[in-house]
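K.L.:
Take a look at this one; I'll ask things after.
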Amino acid sequence: MNLLTALLAALRALGTNWLRSMLTMLGIIIGVAAVITMIAIGGGAQARVEEQMKSLGTNIMLVLPGAQTTGGVRLGAQTGQTLTEEDARAIAAEVPEVQAAAPSLRTGAQVVAANANWSTSVMGTTPEYLEVRDWPLAAGRSFDAAEMAGSGKVVVIGQTVAQQLFGDADPIDQVIRVRKAPLQVIGMLERKGQNSMGQDQDDVIVVPLSTFRNRVQGMSAGRIKRVGAISVKIREGQSMTDAGEKMRELLRQRHRLQSGADDDFSIRNLTEMLQAQEESSRVMALLLAAVAGVSLVVGGIGIMNIMLVSVTERTREIGLRMAVGARSRDILGQFLIEAVTMSLVGGAIGIVLGMAATWAIGSLAGWQVLLSAESILLAVGFSAAVGVFFGFYPARRAAALLPIQALRHE
Amino acid sequence: MALIEARSLVKTYRMGDQVVHALNDVSLDIGEGEFVAIMGASGSGKSTLMNILGCLDRPSAGTLRLAGEEVEGLDGDALASIRNRRIGFVFQQFNLLPRTSAADNVELPMVYAGVKPAERRTRALAALQRVGLGDRAMHTPAELSGGQQQRVAIARALVNQPRLILADEPTGALDTQTSEDIMRLLAELNAQGMTIVMVTHEADIAMWARRRIVFRDGRIVEDRPQPPRMAAVAEAA
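Protein chains in written order, with my numbering: chain W, 1 to 410; chain U, 1001 to 1237.
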């Protein structure tokens, strides 16, 4: 009995009871669709975290000012003004693991260009900041030394700001007003996308630190060297933990902290945070796939159940087939092929359904999804395996029947 | 050499504490081209003998040779092969596959014999032609009368060109007129050289055979040749 004949016979047998076959396949259909959709959702979440890691830049640490204590009352984190530009320079110079360190200040401001205006975030920093963040320029140039030293009236703008102020026009050499200061646009940043909190990282303008102090914020002279944060890039292959420890030692020394005193700053390993997030999203994806896999197994049990019923119902047919010359393995093959056909047809429908569901979730709910060929292959392989595994026992039972008992079965 | 050589066949069943001798030391030779009717009351052992002759069941003791081939000790696959090549079965309840065309039903033994699909179809149509159903090949059993269904079953029995047809109450589910048609068909096949062994409990059906064996309590109590009714019919015509 060749495979094609067997397959046609199986399809015909399933077709004679098509409603029952459909209901039985439903378990596999839902299982396969669930596996594909869940893997796509999990994969999407993972891809998103990976994108965020890429947009953050690699091996980044962030030094933030610590809590201020006023008369014994400890205020919240980052209320202190303990970090200075010199701290950043010292970190870059004295910690060998550090590739670059960029001090920065940040504020919100209304920016105006001709008749368009936009509220955005203004960042005062050094050109190293773009190196730390792996953030290249899409057009134009960064600040030069003279502009850094002399509060140059220049600005580098993010993609979102460019879009809001100038539309599709070229923003380079245009002049924008930030608060009262007119600044010339000398560069435009590449698109970075959302960060891990869902904020638009392209909604920003960058000015030299001195420009920020003197033209945007107008800070008092006493606080002239204070900065809001220092972004640090660690060299490739160096230990982030070691670097963090050396930075801490250095800052404690520079801030003249007693050995028992708390740090007046905090060091965060952003890459590590995102790695933890990536790990958790991977576990999530695995869990989703596992739950979906359970429904496949349940579908398989449905197939086994129906195949057992079918063997009982068709005992006389089995007896007749044996009487006209079917060997045990012919009967085994026949019922096995029926079970596998059922699970594979179910699997095929499930794939279509899963792809549709993935597409629907991606476009309606706006989630990031990633449909992979591997997940489809996995689903097909799994459903075939389910068919063989759960079809084998009923098929064995059919094949083990004695011809005379099968023929006499009422 | 006889087509069937049965020696001291014994078949016992255990029913609770009781041991039932369905066959009790039965020896029998059936030659090529014979038409044998096996008669007896129900429980006399005639169906048990049929099942053993058809390699559907194994004797508890005794030996059976089919066309010189020792059946004793063969495994299930070998027995399946013997059934496939040497024996055609005709059952009381026809045993056709439902929702399956007459031609596909007739093809079934060839499927297991490994015949190619195109040849299967040709041979199935020829067999249906031979039983007078050439124009019904695509009908399913539900669309055929009882007599037509039994003809399909006979075509199925013939299609692998066996040397022996075993018919178990072939007319048991048919009315008198249809029974006569089926018996005439079997008699014709016998006249063409086919060996037929038929179980029946109806005396006028047994009249069609040329040898009559009567069973009682698992033993042969009568075994004699008889003038076949076919001859009588032919003479009358």
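Heads up, the beta-carbon is just placed ideally off N, CA and C, and yes, glycines get one too.
Are the beta-carbon atoms of K246(W) and E97(W) separated by less than 8 angstroms?
P.N.:
What you label residue 246(W) is simply residue 246 of the first sequence in a count that begins at 1. What you label residue 97(W) is simply residue 97 of the first sequence in a count that begins at 1. Contact: yes.
K.L.:
If you measure from the beta carbon of A1137(U) to each beta carbon in chain W, is any gap under 8 angstroms?
P.N.:
Locating residue 1137(U) in the second sequence gives position 137, counting from the first residue. Chain W, which has no Cβ nearer than 8 angstroms to the Cβ of A1137(U), makes this no.
K.L.:
For the stretch 292-321 of chain W, which residues have a beta carbon sitting closer than 9 angstroms to at least one beta carbon of chain U?
P.N.:
R316, E317, G319, L320, R321
K.L.:
What are the residues that DSSP puts in a beta bridge with G187(W)?
P.N.:
Taking the first sequence and counting its residues from 1, the one referred to as residue 187(W) is at position 187. DSSP lists G140(W), V156(W) as partners of G187(W).
K.L.:
Taking only the alpha-carbon atoms, compute the straight-line gap between R1007(U) and S1027(U) and give it to the nearest angstrom.
P.N.:
Here the question's residue 1007(U) lines up with position 7 in the second sequence. Here the question's residue 1027(U) lines up with position 27 in the second sequence. The alpha-carbon atoms of R1007(U) and S1027(U) are separated by roughly 4 angstroms.
K.L.:
Where does R1216(U) sit, in a helix, a strand or coil, going by DSSP?
P.N.:
One-based indexing of the second sequence puts residue 1216(U) at position 216. Strand, per DSSP.
K.L.:
Check whether chain W comes within 8 angstroms of A1126(U), counting only Cβ atoms and requiring the distance to be less than that.
P.N.:
Looking up residue 1126(U) in the second sequence gives position 126. Not closer than 8 angstroms to any Cβ of chain W, the Cβ of A1126(U) fails to qualify, so no.
K.L.:
Residues of the stretch 1050-1076 of chain U with a CB closer than 8 angstroms to any CB of chain W: list them in chain order, please.
P.N.:
N1051, G1054, L1056, D1057, G1076
K.L.:
For a test of the three-state rule: what should DSSP assign to L1185(U), helix, strand or coil?
P.N.:
Reading the second sequence from its first residue, position 185 is the one you call residue 1185(U). Secondary structure of L1185(U) (DSSP, three-state): helix.
K.L.:
How would you write the range of the beta strand (DSSP E) that G1088(U) sits in, first residue to last?
P.N.:
Translated into positions along the second sequence, residue 1088(U) becomes position 88. 1087-1090 is the span of the beta strand (DSSP E), which, as asked, contains G1088(U).
K.L.:
Could you spell out where the alpha helix (DSSP H) holding Q1149(U) opens and where it closes?
P.N.:
Sequence index remark: in the second sequence, residue 1149(U) carries index 149 (1-based). Segment 1146-1158, the alpha helix (DSSP H) holding Q1149(U).
K.L.:
Taking the beta carbon of V32(W) as the centre, do at least 16 other beta carbons fall within 10 Å, making it buried, or is it exposed?
P.N.:
Counting from one through the first sequence, the residue named residue 32(W) turns up at place 32. With 16 or more Cβ atoms within 10 Å of its Cβ, V32(W) is classed as buried.
K.L.:
Helix or strand or just coil, what does DSSP make of M1001(U)?
P.N.:
On the second sequence, residue 1001(U) is found 1 positions in, with the first residue counted as 1. Coil at M1001(U), not helix or strand.
K.L.:
Give the residues of chain W in contact with N1024(U), contact being defined as C-beta atoms less than 7 angstroms apart.
P.N.:
As a position in the second sequence, residue 1024(U) is number 24, starting the count at 1. Within 7 angstroms Cβ-Cβ: nothing; N1024(U) doesn't reach chain W, min ~19 angstroms.
K.L.:
Counting only C-beta atoms, is S1044(U) closer than 8 angstroms to chain W at any point?
P.N.:
Taking the first residue of the second sequence as position 1, residue 1044(U) is located at position 44. No, no contact with chain W.
K.L.:
If you measure from the beta carbon of T24(W) to each beta carbon in chain U, is any gap under 8 angstroms?
P.N.:
Working through the first sequence from its first residue, we reach residue 24(W) at position 24. No, T24(W) does not count as interfacial toward chain U.
K.L.:
Within 10 Å of its beta-carbon, does K1116(U) have 16 or more other beta-carbons around it, so buried, or fewer, so exposed?
P.N.:
Within the second sequence, residue 1116(U) is the residue found at index 116, counting from 1. By the 10 Å Cβ count, K1116(U) comes out exposed.
K.L.:
State whether the stretch 1061-1077 of chain U contacts the stretch 319-331 of chain W, with contact taken as three or more CB pairs (one from each stretch) at a distance under 8 angstroms.
P.N.:
yes
K.L.:
Quick one: which residues of the stretch 332-347 of chain W get their C-beta closer than 7 angstroms to a C-beta of chain U? List them in chain order.
P.N.:
none
K.L.:
Going by DSSP in three states, S231(W) sits in which element: helix, strand or coil?
P.N.:
Here residue 231(W) refers to the residue found at position 231 of the first sequence. S231(W): strand per DSSP, three-state reduction.
K.L.:
Flag this pair as touching only if the stretch 114-129 of chain W and the stretch 201-208 of chain W have three or more C-beta atom pairs under 8 angstroms; answer yes or no.
P.N.:
Three or more beta-carbon pairs drawn from the stretch 114-129 of chain W and the stretch 201-208 of chain W are found closer than 8 angstroms, and the two stretches are therefore classed as touching.
K.L.:
Would A348(W) and F390(W) be called neighbours here (beta carbons separated by less than 8 angstroms)?
P.N.:
The residue labelled residue 348(W) in the question sits at position 348 within the first sequence. The residue labelled residue 390(W) in the question sits at position 390 within the first sequence. Against a cut-off of 8 angstroms, the Cβ pair of F390(W) and A348(W) comes out as no contact.
K.L.:
So within the stretch 1061-1148 of chain U, which uninterrupted alpha helix (DSSP H) runs reach at least 4 residues, ignoring any that extend past its ends?
P.N.:
1076-1086, 1102-1113, 1117-1130
K.L.:
With DSSP collapsed to three states, give me the class of L383(W).
P.N.:
Within the first sequence, residue 383(W) is the residue found at index 383, counting from 1. The sequence given here has Ser at residue 383(W), not Leu. In this structure, S383(W) counts as helix in the three-state DSSP scheme.
K.L.:
So, does the CB of K1011(U) fall closer than 8 angstroms to a CB anywhere in chain W?
P.N.:
Numbered from its first residue, the second sequence carries residue 1011(U) at position 11. Residue contact with chain W for K1011(U): absent (no Cβ-Cβ distance below 8 angstroms to any residue of chain W).
K.L.:
At the 8 angstroms Cβ level, is L462(W) part of the contact set with chain U, yes or no?
P.N.:
Outside the shown range of chain W, which is 1 to 410, sits residue 462(W), and nothing can be said about it.
K.L.:
Cα-Cα, which of K180(W), T82(W), G44(W), M240(W) is closest to N59(W)?
P.N.:
On the first sequence, residue 59(W) is found 59 positions in, with the first residue counted as 1. Closest option to N59(W), Cα to Cα, is M240(W).
K.L.:
Who does M22(W) pair with in a DSSP beta bridge?
P.N.:
Taking the first residue of the first sequence as 1, we reach residue 22(W) at position 22. DSSP output for M22(W) lists no bridge partner at all.
K.L.:
Might you give, ordered along the chain, the residues of its own chain that have their beta carbon closer than 7 angstroms to the beta carbon of V1106(U), omitting 5 neighbours on each side?
P.N.:
For this step, residue 1106(U) is matched to residue 106 along the second sequence. A1124, A1127, L1128, V1152, A1155, R1156, V1159, listed in sequence order.
K.L.:
Cβ closer than 8 angstroms: which chain U residues qualify as neighbours of R327(W)?
P.N.:
Here residue 327(W) is taken as the residue at index 327 of the first sequence, counted from 1. Residues of chain U passing the Cβ test: G1076, D1077, A1080, S1081, Y1112.
K.L.:
With DSSP collapsed to three states, give me the class of K192(W).
P.N.:
Mapped onto the first sequence, residue 192(W) falls at position 192. Coil at K192(W), not helix or strand.
K.L.:
Give the single residue among E50(W), W18(W), M22(W), K233(W) whose Cα lies nearest to the Cα of G346(W).
P.N.:
Translated into positions along the first sequence, residue 346(W) becomes position 346. When each option's Cα is compared against that of G346(W), the closest is M22(W).
K.L.:
Going straight from the alpha carbon of S363(W) to that of V369(W), what length do you get?
P.N.:
Taking the first residue of the first sequence as 1, we reach residue 363(W) at position 363. Taking the first residue of the first sequence as 1, we reach residue 369(W) at position 369. Cα to Cα, S363(W) sits roughly 9 angstroms from V369(W).
K.L.:
So that I know if they touch, is there some Cβ in chain U lying closer than 8 angstroms to that of T37(W)?
P.N.:
For the purposes of this step, residue 37(W) is identified with residue 37 of the first sequence, where counting begins at 1. So no, T37(W) is outside the interface.
K.L.:
DSSP three-state call for A1237(U): helix, strand or coil?
P.N.:
Here residue 1237(U) corresponds to residue number 237 of the second sequence, with the count starting at 1. Residue placement at A1237(U) is flagged as unreliable, the pLDDT there being 46, under the threshold of 50; the coordinate-derived value follows with that caveat. DSSP, reduced to helix, strand and coil, places A1237(U) outside both helices and strands of the structure shown, so it counts as coil.
K.L.:
Looking at the strands, I want to know which residues DSSP matches up with E1222(U).
P.N.:
Locating residue 1222(U) in the second sequence gives position 222, counting from the first residue. Paired residues: V1214(U).
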